[in-house]
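Worksheet: one structure, shown below.
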Amino acid sequence: MIKTTVQEAINQQIVREMFSSNLYLSMSAYFHSINLPGFANWMHVQAQEETTHAIKFFDYLLARGGIVTLGVIDAPELSWESPLAAFEAAYEHEQKVTSWINEIADLAFAEKDHPTNVLIQWFINEQVEEESNASDIVARMRLAGHDRSSMFFLDNELKQRKFVPPATGATT
Ligand code: FEO
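Under the working numbering, the first residue of the sequence shown is numbered 808, with each subsequent residue one higher.
What follows is the structure in structure tokens.
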């Protein structure tokens, strides 16, 4: 049986992952509204990934005999002052998610909850990729600056991103 402290942390993280999904959907709509369909696609795929993160925690909690109590998901922002500002906000958000994941790792360690420790290793690795993906795009946007052809090129590249459903196991 999972400890209440860990159960609460995972329930909170499910809501945060769903917030992340909504945030990226909102960013996708924003990019769509300013005629950057590739950026919009990238964010759309990212939103789907975030949902799978929430489901992964959800499935895990049930597999451990825990109780799922879903809280309120805050509304995301609706627009940003520039495409760069939106991606900078995404990168900042991922850094925040990493700190939440690390807090769960610390808690699992303190509670000697080895299964949660195994699960959270997956998320720790995932966050390395999440931060790297967002920061790479921020760096390329800064390089592009106001050069429309560079932004057009980047937009075309981001159009290629496709959602790949992850393995379904709670700890895979
Ligand atoms: Fe689920 Fe982007 O972290």
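For every residue, glycine included, the Cβ atom is placed at its ideal position computed from N, Cα and C.
State the CB to CB distance for the pair residue i and residue j, rounded to an integer number of angstroms; the pair is presumed to be in contact (CB under 8 Å).
i, j, result
"R823", "W929", "At roughly 16 Å, the Cβ-Cβ gap does not stay under 8 Å, so R823 and W929 are not in contact."
"A861", "I821", "5 Å"
"A847", "L832", "Not really, about 10 Å apart at Cβ, beyond 8 Å."
"L868", "Q814", "7 Å"
"M834", "M850", "4 Å"
"V945", "E895", "6 Å"
"T876", "N818", "5 Å"
"E933", "E901", "Wrong, their Cβ atoms sit about 10 Å apart, outside the cutoff."
"I880", "A816", "Wrong, their Cβ atoms sit about 17 Å apart, outside the cutoff."
Quick check on the burial criterion: 16 or more other C-beta atoms within 10 angstroms. Buried or exposed for residue i?
i, result
"G845", "buried"
"A915", "buried"
"G873", "buried"
"T812", "exposed"
"K903", "exposed"
"T923", "buried"
"D920", "buried"
"E884", "exposed"
"E964", "exposed"
"L950", "exposed"
"D962", "buried"
"A974", "exposed"
Quick one, which of the options has its alpha-carbon nearest residue i's?
i, options, result
"G878", "F865, A870 and P890", "F865"
"I841", "S939, W887 and V852", "W887"
"K969", "E933, D913 and E856", "E856"
"A882", "L843, A941, S827 and N909", "S827"
"A893", "L830, K966, G952 and R871", "L830"
"A941", "M958, I911, P973 and E899", "E899"
"G952", "E938, S889 and T858", "S889"
"F775", "L843, A912, I931 and V935", "An answer regarding residue 775 cannot be provided, because it is not within the stretch 808 to 979 covered by the chain."
"V935", "A897, T905, A912 and D913", "T905"
"K863", "F838, I927, D913 and A897", "I927"
"D943", "P972, H839, A897 and R871", "A897"
Please give me, in chain order, every unbroken run of the alpha helix (DSSP H) with length at least 4 that falls completely inside the stretch 841 to 923.
The qualifying runs are 844 to 870 and 890 to 917.
Along the chain, which unbroken stretches of the alpha helix (DSSP H) at least 4 residues long are found entirely within the stretch 931 to 957?
none
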